[in-house]
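Chemist: In terms of the UniProt record's numbering, the sequence shown opens at residue 1 and continues consecutively. Cβ atoms here follow ideal geometry from the backbone N, Cα and C, with glycine treated the same way.
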Amino acid sequence: MKIKISIESSIVTKPILAEAIVETGALLNISQAHFDNTHGEVVADIPSEQFGKIRDSLVKKGAEVVVLDTPISRDEEECVECGACVSVCPVGVFSLADDWSLEVDPDKCIQCGACLTMCPHNALFLGQ
């Protein structure tokens with residue numbers, strides 16, 4: 001199961017993620033992380049049976065935990081099939097067919113969001 005952990009500015013400098021992992025013994029596979037002095041976000045995979053423990057521990061420490069259960073989707077009317085998403089996707093969700101039309105395999109999506117910022121027409125969405 002894929003989760004997003006959001007950590008607000010008041011606690012971003014505290015090691016709450018490390019503390020929660022040690023406390024619960026939960027195994028996280030981090031696929032994306034961004035931290036600065038204003039906030040932190042981590043996208044990670046966790047075994048379903050460990051989700052409740054890690055969520056409860058992180059929420060108690062002030063973090064927000066959201067399950068990411070809907071991969072990338074595309075507004076086909078807005079998309080101009082320019083291929084910008086093809087070049088930035090780290091796992092090959094997007095490809096161009098022989099006729100140059102855009103093909104999408106949402107099952108490969110790791111929900112990193114790289115394609116969202118690259119799309120010039122804002123035709124891509126996560127979690128919808």
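Among I30, E76, E8 and D56, whose alpha-carbon lies nearest the alpha-carbon of N37?
Modeler: The residue you call residue 37 lines up with position 37 of the sequence shown. Nearest option by C-alpha distance: E8.
Chemist: Are there 16 or more other CB atoms within 10 angstroms of the CB of I54, so buried, or fewer, so exposed?
Modeler: For the purposes of this step, residue 54 is identified with residue 54 of the sequence shown, where counting begins at 1. Result: buried.
Chemist: Let me make sure I understand the geometry here. Which of H34, I16, I46 and V12 has the alpha-carbon closest to that of A26?
Modeler: Position 26 of the sequence shown, counted from the start, is the residue given in the question as residue 26. Cα-wise, what sits closest to A26 is I46.
Chemist: Return the chain-ordered ranges of every alpha helix (DSSP H) run that is complete within the stretch 68-111 and spans a minimum of 4 residues.
Modeler: With a minimum length of 4 residues, the continuous alpha helix (DSSP H) runs that stay inside the stretch 68-111 are 84-88.
Chemist: What is the rounded straight-line gap between the Cα of V42 and the Cα of W100?
Modeler: Position 42 of the sequence shown, counted from the start, is the residue given in the question as residue 42. Position 100 of the sequence shown, counted from the start, is the residue given in the question as residue 100. Using only the alpha carbons, I get a separation of about 35 angstroms.
Chemist: Should C85 and C115 be called a contact, given that it needs their Cβ atoms to be closer than 8 angstroms?
Modeler: On the sequence shown, residue 85 is found 85 positions in, with the first residue counted as 1. On the sequence shown, residue 115 is found 115 positions in, with the first residue counted as 1. Cβ distance < 8 angstroms, so C85 and C115 count as in contact.
Chemist: Quick check: the Cα distance between N122 and D98, rounded to an integer number of angstroms?
Modeler: Stepping through the sequence shown from its first residue, residue 122 is reached at position 122. Stepping through the sequence shown from its first residue, residue 98 is reached at position 98. Cα to Cα, N122 sits roughly 24 angstroms from D98.
Chemist: List the DSSP bridge partners of I46.
Modeler: Here residue 46 refers to the residue found at position 46 of the sequence shown. None; I46 has no bridge partner.
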